[in-house]
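**Student:**
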Amino acid sequence: MFNKVFGLLSADIGIDIGTANTVVYVKGRGIVLNEPSVVAVASVKGRKQILAIGNEAKQMLGRTPGKIDAIRPLRDGVIADFEAAEQMIRHFIRKVHNGHGFAGPQVVVCVPSGATAVERRAIRDATESAGARRVFLIDEPVAAAIGAGLPVTEATASMVVDIGGGTTEVAVLSLGGVVYCRSVRVGGDKMDEAISTDIRRRHNLLIGEPTAERIKHEIGSACLPEHGEGRIVEITGRDLTYGVPKIVRVSEREIAQSLAEPVGAVIQAVDEALHQTEPELAADLVEKGIVLTGGGALLANLDGVLRYTTGLPVLIADNPLTSVAMGTGRALDQMAAFEKVFLNAA
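The sequence shown begins at 10 in my numbering and counts up one residue at a time.
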């Protein structure tokens with residue numbers, strides 16, 4: 010019955026609603042949208058009015074007048090603003106249908122493995138309110154593993170570390186199920202916050218989210234440079250003493266030091282997962298290693314640090330930024346093969 014129902018439907022959608030970005034997969038078309046999970050909201054007579062969503066809204070971050078807020082509807086991987094999240098999901102669903110009317114699609118949505126029942130219900134309700142006819146949930150690390158091409162349905166262990174904007178998901182999978190999973194609320198956002206805090210402390214300089222993110226991409230590293238200060242980048246912020254714009258130079262060594270705490274949290278989560286893994290499955294991991302997905306996987310030298318601390322092979326997925334969405338899409342395309350992975354596929 011499960012397969013028959015899904016076989017009759019078209020235009021089904023897989024959505025990775027991330028804290029930083031939302032990626033949408035449409036059945037038969039692949040990934041068709043990848044935009045920031047940002048909504049620009051104005052307060053008009055005490056009511057919220059949506060001004061912009063996605064790319065356009067992100068450009069407003071840190072640049073909005075007093076009556077306009079550029080907000081992220083999700084924090085730490087879960088919905089923080091239900092109304093804004095619903096409008097964002099609705100907008101993206103309509104956008105992938107080119108703005109035309111559409112029959113409510115069936116939607117597969119990723120949720121953090123550590124999300125509570127209430128948080129999962131909020132994600133499902135927001136997606137249904139946005140126009141979905143039926144919603145299925147899938148754990149993010151499971152989707153990430155599927156998207157990375159790991160044999161999650163086979164009788165062998167696969168380990169994935171999905172480092173998103175709000176959370177890091179560490180999971181060991183076998184026979185289509187989750188053997189061990191842990192979600193820690195550390196990801197790209199915490200790394201950006203750590204950079205901002207450190208620059209404020211060292212240079213008495215206030216910077217915004219976009220600048221912190223740019224620093225992370227350009228000179229961020231999971232370990233100290235071998236020699237000297239490493240790469241250097243110039244940034245502009247507001248001097249906290251005089252209140253005027255100021256340019257400072259920051260080094261790779263400084264940023265690596267600022268990232269030590271969030272990187273350490275990721276390493277600790279991986280270490281705990283390995284200690285909780287059964288010996289038979291651990292033997293598989295010695296051969297197959299760990300696969301990194303998510304935007305955080307692109308942090309320079311993170312794979313090398315994990316390789317050193319665990320003693321295991323560590324690989325970065327081919328397309329880490331879209332692994333979760335691709336896994337959602339693959340599960341959507343092959344419902345029969347992946348039926349067991351859906352959290353509410355009864």
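Glycine is no exception: its CB is placed at the ideal position from the N, C-alpha and C atoms.
1. Can you look up residue 270 in the DSSP assignment and give me helix, strand or coil?
2. What are the complete beta strand (DSSP E) segments, minimum 3 residues, inside the stretch 155-234?
3. Can you tell me which of the three DSSP states residue 36 falls into?
4. Report the CB separation of residue 166 from residue 326 in whole angstroms; it is logged as a contact under 8 Å.
5. Compare the Cα-Cα distances from residue 217 to each of 89, 68, 231 and 56 and report the closest residue.
6. In the DSSP assignment, find the unbroken alpha helix (DSSP H) run with residue 311 in it and report its ends.
7. Would you say residue 40 and residue 334 are within 9 Å of each other, going by their C-beta atoms?
8. Identify the continuous beta strand (DSSP E) that holds residue 115 and give its terminal residues.
9. According to DSSP, is residue 354 helix, strand or coil?
10. Under the three-state reduction of DSSP, which class applies to residue 359: helix, strand or coil?
11. In the DSSP assignment, find the unbroken alpha helix (DSSP H) run with residue 338 in it and report its ends.
12. Excluding sequence positions up to five away, which residues of its chain have a Cβ less than 6 Å from the Cβ of residue 322?
13. Apart from the five residues just before and just after residue 23, which ones in its own chain have a Cβ nearer than 6 Å to its Cβ?
14. Once the 5 residues before and after residue 310 are set aside, which same chain residues still bring their CB inside 8 Å of it?
15. Among the residues of its own chain, which have a CB less than 6 Å from the CB of residue 238, if the five just before and after it don't count?
16. Would you list, in sequence order, the uninterrupted alpha helix (DSSP H) runs of no fewer than 4 residues that lie entirely inside the stretch 20-70?
17. Buried or exposed for residue 163, going by 16 or more other Cβ atoms inside 10 Å?
18. Locate the alpha helix (DSSP H) running through residue 126, then write down its first and last residues.
19. Let's test the definition: count the other Cβ atoms within 10 Å of the Cβ of residue 155 and tell me whether it reaches 16, buried, or not, exposed.
20. Run through DSSP, which three-state label would residue 278 get?
21. Quick check on residue 197: buried or exposed, where buried means 16 or more other Cβ atoms within 10 Å of its Cβ?
22. So what's residue 372 in DSSP terms, helix, strand or just coil?
23. Have a look at 100, 119, 317 and 174 and flag the residue whose alpha-carbon is nearest the alpha-carbon of residue 140.
24. What residues in its chain sit with their C-beta under 6 Å from that of residue 105, if we drop five residues either side in the sequence?
25. Rounded to a whole number of angstroms, what is the C-alpha to C-alpha distance between residue 257 and residue 245?
26. Exposed or buried, which one is residue 357 when buried takes at least 16 other CB atoms within 10 Å?
27. DSSP three-state label for residue 1, please.
28. Are the beta-carbon atoms belonging to residue 303 and residue 172 less than 9 Å from one another?
29. Which residues in the same chain as residue 77 place their Cβ atom closer than 8 Å to its Cβ, once the five residues preceding and following it in sequence are excluded?
30. Can you check DSSP and say which residues form a bridge with residue 308?
31. Near residue 295, what residues of its chain come up, given a Cβ to Cβ distance below 7 Å and the 5 sequence neighbours on each side ignored?
32. For a test of the three-state rule: what should DSSP assign to residue 240, helix, strand or coil?
33. I'd like to know whether the C-beta atoms of residue 178 and residue 153 end up nearer to each other than 9 Å.
**Tutor:** Well, looking at it:
1. Position 261 of the sequence shown, counting from 1, holds the residue named residue 270. Helix.
2. 167-172, 177-183 and 186-193
3. As a first step, residue 36 is located in the sequence shown; it is residue number 27 there, counting from the start. In this structure, residue 36 counts as coil in the three-state DSSP scheme.
4. Against the sequence shown, residue 166 aligns to sequence position 157. Against the sequence shown, residue 326 aligns to sequence position 317. In fact, because the Cβ distance is near 17 Å, the residues do not count as touching under 8 Å.
5. Within the sequence shown, the letter at position 208 stands for residue 217. Answer by Cα proximity: 68.
6. In the sequence shown, counting from the first residue as 1, residue 311 sits at position 302. Unbroken alpha helix (DSSP H) run through residue 311: 311-319.
7. Taking the first residue of the sequence shown as 1, we reach residue 40 at position 31. Taking the first residue of the sequence shown as 1, we reach residue 334 at position 325. Cβ distance < 9 Å, so residue 40 and residue 334 count as in contact.
8. Residue numbering aside, residue 115 sits at position 106 when the sequence shown is read from its first letter. First-last of the beta strand (DSSP E) with residue 115: 115-120.
9. Reading the sequence shown from its first residue, position 345 is the one you call residue 354. Its pLDDT being 41, under 50, residue 354 is placed unreliably by the model, and nothing is read from it.
10. This structure cannot speak to residue 359, because the chain is shown only from 10 to 355.
11. As a first step, residue 338 must be located in the sequence shown, where it is residue number 329. Element bounds for residue 338: 332-342.
12. Residue mapping note: residue 322 aligns to position 313 of the sequence shown, counting from 1. The answer, listed in chain order, is 298.
13. Numbered from 1 along the sequence shown, position 14 holds the residue referred to as residue 23. Hits under 6 Å: 34, 117, 337, 338 and 341.
14. Here residue 310 corresponds to residue number 301 of the sequence shown, with the count starting at 1. Closer than 8 Å at Cβ, skipping near neighbours: 230, 231 and 232.
15. On the sequence shown, position 229 is the one that residue 238 refers to. Within the same chain, residue 238 has close Cβ partners 260 and 262.
16. 64-67
17. Within the sequence shown, residue 163 is the residue found at index 154, counting from 1. Classification of residue 163: exposed, given that the 10 Å Cβ count is below 16.
18. Sequence index remark: in the sequence shown, residue 126 carries index 117 (1-based). Under the DSSP assignment, residue 126 falls in the alpha helix (DSSP H) whose first and last residues are 126-138.
19. By one-based count along the sequence shown, residue 155 stands at place 146. Under this definition residue 155 is a buried residue.
20. By one-based count along the sequence shown, residue 278 stands at place 269. Helix.
21. Taking the sequence shown and counting its residues from 1, one reaches residue 197 at position 188. By the 10 Å Cβ count, residue 197 comes out buried.
22. Coverage of the chain is limited to positions 10 through 355, which leaves residue 372 absent and any answer about it impossible.
23. Residue numbering aside, residue 140 sits at position 131 when the sequence shown is read from its first letter. Cα-wise, what sits closest to residue 140 is 100.
24. Within the sequence shown, residue 105 is the residue found at index 96, counting from 1. Non-local C-beta neighbours of residue 105 in its own chain, meaning closer than 6 Å and more than five positions away in sequence, comprise 33, 35, 41 and 42, ordered along the chain.
25. Position 248 of the sequence shown, counted from the start, is the residue given in the question as residue 257. Position 236 of the sequence shown, counted from the start, is the residue given in the question as residue 245. Going from the Cα of residue 257 to the Cα of residue 245 covers about 7 Å.
26. As shown, the chain starts at 10 and ends at 355. That puts residue 357 outside it, with no answer to give.
27. Outside the shown range of the chain (10 to 355) lies residue 1, about which nothing can therefore be said.
28. On the sequence shown, residue 303 is found 294 positions in, with the first residue counted as 1. On the sequence shown, residue 172 is found 163 positions in, with the first residue counted as 1. Going by C-beta atoms, residue 303 is nearer than 9 Å to residue 172.
29. Position 68 of the sequence shown, counted from the first residue, corresponds to residue 77. So the qualifying residues of the chain are 49, 50, 51, 60 and 69.
30. As a first step, residue 308 must be located in the sequence shown, where it is residue number 299. Looking at the DSSP assignment, residue 308 forms no beta bridge with any residue, so it has no partner.
31. Start at 1 with the first residue of the sequence shown, and residue 295 comes out as number 286. Within the same chain, residue 295 has close Cβ partners 321.
32. The residue given as residue 240 occupies position 231 in the sequence shown. Three-state DSSP puts residue 240 in coil, outside helix and strand.
33. Here the question's residue 178 lines up with position 169 in the sequence shown. Here the question's residue 153 lines up with position 144 in the sequence shown. Contact flag set, yes.
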